[in-house]
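Protein chains in written order, with the working numbering: chain A, 1 to 338; chain B, 1 to 338; chain C, 1 to 264; chain D, 1 to 264; chain E, 1 to 323; chain F, 1 to 323.
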């Protein structure tokens, strides 16, 4: 159902939904950025549309709404284990088309790679997505190249207009907005400031031995920002915590993990795989544009460009993809100079 | 006897004189100035004309040739006193017209103020003066205003020309130079960059109470440079020195004194006269343009301007004279408004 | 929907020390669905979970042979029989004994990596007639670090077992040298059909497989068992992925035809 | 050409202490050419020379009354009779007794400045008949600092002597107050011809002359004795100059008509 | 030609008495160090027209335009007016140049205009101080630095104002990557540790450098929006006894600092040695003379310290000689 | 639009990584702090054309031209070429900007170009050092100051080169006015006293400030024409342990200092921690690690110290924390 909704009516509709739904959207926190007198934009619960920041790209993706940064799994008390509870409320997440594409990839890992993940599935079932149409690309976006520019499979979608919204409601549960019917398409970006070609043919073993990654050994600082801001990075670490007051009681959590960060591959006995940062870059890049696709049929990366936005070392992931493409092209040329 | 003498002949003449004479002239000492990488120009013994510096005004006057800075008067051994000796050689001092005028003032104090000074007279008798003509005024000179621009009473005089000298020999003892006779006048400056009017009428008591001096209380730092560089300052201090090796033996010296410097007026019991620096300025100024004249009939100051050159506080003595004049003029106007 | 993340408490029946630092914990749990080469996630307080290979099993117990490598495993070495361990599993594919039956078999194992293959060796010990030959080369850093000492002596009765050490004090009489040094000496009848297993640290795997290939073993018949950071054991956490392979789901045992495509 | 700078050694005949700090040194030298108010340059080792007023004299000695003001004069106070002092002089004009004869005379003196006028007073003591009146006001800081105690008592026999102190402990019975306070009390017969002498520190001179002027003394008959830094004593070194006057040559004794033009 | 010159007036007017008599140099003050093309071009023009073409960049973020004839000082004062106007420098009389030079240019590191490490805008704060204290003849040196790296060397100043980041921790965003712990240890004072997979911060040890915030990839550490500062005092260079300033106030705020500085001027005016050479006595020596307690009494008068502020009761300086 | 940027290359090229992504700032180095109208105008032009108009004057006598788009870096490098040429700054490739930024601008106080107190021309000496050590990535800070007043704060540098005046006394010109004694006592260390109406100088105490020469009205005290320096080492600011440099060599000369600096670069290259963040380890921390003895061994290699030179055998720094 497509309708035009005034600002007031839209907020009234949200107010209605709030009785049943926790709503998540991007929120600007002034002065809370990495650098002094800069802001942070992260996803979190909101209570009205005005709380949300859509002018600037959020530094973090909406994945925290689906996969909590710190997720309590269970408590342990002596030798009993008690499962942690999940919200009983429904969840509505406002997000951009690319991020919605990211959700599909997260589902793939958590629901289709081996058995469905108990905790993920439990929360995921409560979630609906409202796509916010994109009229203009941000710097570093390459969603068009990744084919994740077009909104798909949303529960609702909206275009933000000067004094009203264009609202396309698919899930009837969300049809609580007073407006008039209209026809429109949900905005999406058809051209980014640049486009890249993702190589079809990726010889990961050839690449693993290629020295293209060595530049990152020194450029990358392994901070993990590219992982943490990525809407498709799904790794986690598990943590056990024993309460200081009683060490026989505690809890196990899972928290976002990052393949770029130290200790990711550590195993007992002091062995670490991929201690070179360039190798971690390769591991991540391969996951985003090769092995995930090999396993699930499409690229993991959605081209939101947040990794580029966030990298303090100005490593561009989109350029890294291009470099991989160039290496592969060169290899093909060498093998078949014709 | 006026003659033109080549450089070579002039130096040959000097060489002849050196057998009998100690020759004094201004000498430049590179890097020995007050500030780093600046020079010092002082009077001292020389052995050729080239050692002398005439392009720039010497910072110190030639008076050190006549009145040694440190003059040993006598030795004492237990309760006997042994007079210090004086040079047996004759002395020739090259100097500018203004400085020669200064010598006249020094003679006045040392020979005519009370009985002739024993030590001064003893040395003075050995000295002859060679005036070096002045073609151009230096900054701060006001010899014309002081009437000390015209060379007078010299034993010889010379003009420095590009490749020769014009030499006017009065004292026949000095007539040792090979040259040809010629007619010329010894150069002298007829106009300085400024001229001042020295007040005829000076009411020193009125001035003593005038607050014109108070500005110098804070401006002057009582360093005494104006005294030490002055060709007419004649004051001295006496110093006793007991030898460290035998305190029953020692010597008495006199050294240049300075009315601007602390301790000049100190008497036993902690009493100091003129502790304010402005009062010292007044004392000095009155001496230079009033009380010396009152005693001897002409001004003491010769307008060489070295006090201005030397003053780190940029106090101008010529302007001070003008200020005195202005105060006196104002006083006369007040007394007789017509 | 079962919650696979929640571990079970299991009582320690017996603790069998091999060396000062390497002990086998025999834990009372149903081992019927367990295969050699599989692993369990064992909870270690203050550290979290650690993937530990099964080094033996029966209907009512599973053995975990653990090296005390410090901080992480220290806790375990304070436990006594009767205490409980929290564990979940088994995970991974493990070795399929059927693949090896009626064939010549060579097993090359280094250090604690003897654990994942111990089940295979035990099977061969008890059923030597089911194999056309069964050689074991197991290497340890030094004589003091030899694991499963009694087992090895016992295995020697029926199998061709070379137990070597990388280095030894003077006067030591056993074989000294890297495991790779002993591969050329193994008597091989039918290299093309011979099944070989390599288990150990990465470098050992690399050179042992090379050496075995030199002996004519074909990659398809060459098996390796990978040690990686199997963290969730469920194909979610990402830590154990190599290329498109999740070791916890698709491994840790691979034919070398597959394994050679795996790299870090 | 005589060298006036060279001092002569003179033996100390007697040392007469007045107070703890003020002693008179009686030195064996020809005093015939000396006048009251003149000074000698006395050499003080490690300091140089100091101009010291003559406080008394005779044909064969000169007295110097000196206050021990510390560093400078300390040395002198270690001397004993028979030791030698180096001195040259006398310098300065001094008082001309003729000016005062047959006139009323008032002398106002403060502290050690009693020295330069002591010769005048002594003359009056021995020849009181040559004056129409002779008053002395001599002031000291405190009773302990009174100089020439015996002299004063002696003078009182024949002259009008007021010896006052600026301040005194309780119980002191003598006159207390500044010298200026006693000037109004002096009996004056013929102010216009009266000769007055003031000797002392600058402030005392200033107020005493004022007070004497109030009594009708004319400046021409008012004499002051200046303390300045007479350093060479010969009109060369410059230190003692005031206006165009060299105190060492033209003073230290001046008619007030001249002295009032002198200032610092 | 100029003869008599009141050197004090010259110096007060921000011209220098140089080693070359009758040659001066104009000291141009750039508060907090932030200039722009107009300032640069005006300075260049003056150097060309009145100076000998040399412009020295001072260590206090000013310029000295060298080789000016003292005769030209009034014209130079006119010529520098655009800079004074443009930088909004306090002035007593237009076209009369700078009215005082005792208190030195308030210096600032580049601050958070662009520097990633800085906690505040040093230039703006410098300007506020400048507005309050200039013109002033008292010899006080103030420097502002964005973070304890202290590029401006505030620890050699009478007042060093060092930006502090009060880090606030959102445990729910922390993934225990330990970047903060590692960076705090390697770059800073090691005030962070990890316990039970969460970070524990030792507030006493923390110097507010902000490395935790800067390096937190999750922005679990963020900066309190309230600006805090460390005030270090009475550092100095110099012949006699150069010394590093010591911390007096930690977690102090801007209003308190402003008031303390204002108070210090009153204290200095009261206690300055009237016999001091050129009437200049450096504040640090005055504090040495009156004792810290007296300084403190004056400086803290009517100052409201923020609740979080920590006060070192008595400041001691190290004065082992370097010479 | 620029995406991938090698930040190390950017930094090595003297552009800054700012807090604003893709915005940079050019650091213009002015050795010894001496600029002129061409430098100032070029900087102004760049600020106007490529920057946002803001120019920060750094504490090390450079300029930072703010708000430059990283895209424009090549053009800015071309535009700054006149400054590089004009200041004769070492460069590897024309129009490629600055080739390194590890070693910081060699800073100098105004020196004896005009300052009455300075003992030498800091700018010229700075330029000689610059010529020798640039371009260089090693993190070394050098400052030259004309006299121990140390306006440049050389005591916060790795190498502080402090001008020393070796005063020479002409007894025959001394009138015992005691200006030197008084000034040495009130302004400096009190190394002079008067005995028997002549001045006695305590050479051990003397810091070579030159106050005796400056204040001698008779020029009885003059300066030895040979230039001497005090070399103080390993001072630093910073988060961890700011400390004042300590004297290592007293009465050392320029050739020895040049050689010592050159040697120090070899030492640093040998001992720098290969794991140091960004390959930058500040020389002071390296000395802390290797010990002073090892540093000394390298630094003094083939150095000819002047006869008069006094060497402190082992340098100890005070590191009581200021934080």
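For every residue, glycine included, the Cβ atom is placed at its ideal position computed from N, Cα and C.
Residue range of the unbroken beta strand (DSSP E) whose run includes residue i
i             : result
residue 156/A : 156 to 160
residue 24/F  : 23 to 29
residue 64/D  : 61 to 67
Contacts that residue i makes with chain D (C-beta to C-beta distance below 7 angstroms)
i            : result
residue 81/B : 6 and 7
First and last residue of the uninterrupted alpha helix (DSSP H) at residue i
i             : result
residue 173/E : Neither: residue 173/E is in no alpha helix (DSSP H) and is coded neither H nor E.
residue 334/A : 317 to 335
residue 265/D : In the structure displayed, chain D extends from 1 to 264; residue 265/D sits before or after that span and is not available.
residue 74/F  : 73 to 79
residue 258/E : 254 to 271
Chain-ordered neighbours of residue i on chain A, where CB pairs are closer than 7 angstroms
i             : result
residue 306/E : In chain order: nothing, as chain A lies at least about 17 angstroms away.
Within chain F, partners of residue i - CB distance below 9 angstroms
i            : result
residue 40/B : 219 and 222
Closer than 8 angstroms at the beta carbon, the chain A residues around residue i
i            : result
residue 47/C : 240
Under 8 angstroms by beta carbon: chain B residues contacting residue i
i             : result
residue 236/D : 109, 110, 113, 114, 117, 120, 234 and 236
residue 249/D : 113 and 114
Listed by chain order, chain E residues near residue i by CB distance under 8 angstroms
i             : result
residue 113/F : 54, 56 and 66
Coil, strand or helix - residue i by DSSP
i             : result
residue 23/C  : strand
residue 13/D  : strand
residue 213/D : helix
residue 100/A : helix
residue 198/F : strand
residue 381/B : Past the edges of chain B, shown from 1 to 338, lies residue 381/B, and the structure says nothing about it.
residue 150/A : coil
residue 199/C : strand
7 angstroms Cβ cut-off: residues of chain F touching residue i
i             : result
residue 315/A : 4
Amino acids of chain B, ordered along the chain, whose beta-carbon sits closer than 7 angstroms to that of residue i
i            : result
residue 19/E : 35 and 38
Under 8 angstroms by beta carbon: chain F residues contacting residue i
i            : result
residue 32/B : 219, 222, 223 and 225
field: the stretch 269 to 278 of chain F / the stretch 246 to 260 of chain F touching (three or more Cβ pairs under 8 angstroms)
entry: Segments in contact, no.
message: Check whether the stretch 178 to 196 of chain D and the stretch 213 to 229 of chain D are in contact - that is, three or more C-beta pairs closer than 8 angstroms.
response: Remark: three or more beta-carbon pairs, one from each stretch, lie closer than 8 angstroms, so the stretch 178 to 196 of chain D and the stretch 213 to 229 of chain D are flagged as touching.
message: Could you check whether the stretch 147 to 154 of chain B touches the stretch 311 to 328 of chain A, counting it as contact only if at least three pairs of C-beta atoms, one from each stretch, sit closer than 8 angstroms?
response: Short answer: they don't touch.
task: Run through the stretch 222 to 290 of chain A for me and flag every whole alpha helix (DSSP H) of 4 or more residues, listed as ranges in chain order.
output: As far as the stretch 222 to 290 of chain A is concerned, its whole alpha helix (DSSP H) runs of at least 4 residues are 225 to 229 and 277 to 286.
- prompt: Do the stretch 151 to 158 of chain F and the stretch 106 to 119 of chain F make contact, defined as three or more Cβ pairs closer than 8 angstroms?
  reply: The stretch 151 to 158 of chain F is in contact with the stretch 106 to 119 of chain F.
message: Assess contact between the stretch 23 to 41 of chain F and the stretch 92 to 106 of chain F, defined as three or more Cβ pairs (one per stretch) separated by less than 8 angstroms. Is contact present?
response: The stretch 23 to 41 of chain F makes contact with the stretch 92 to 106 of chain F; the number of CB pairs closer than 8 angstroms reaches 3 or more.
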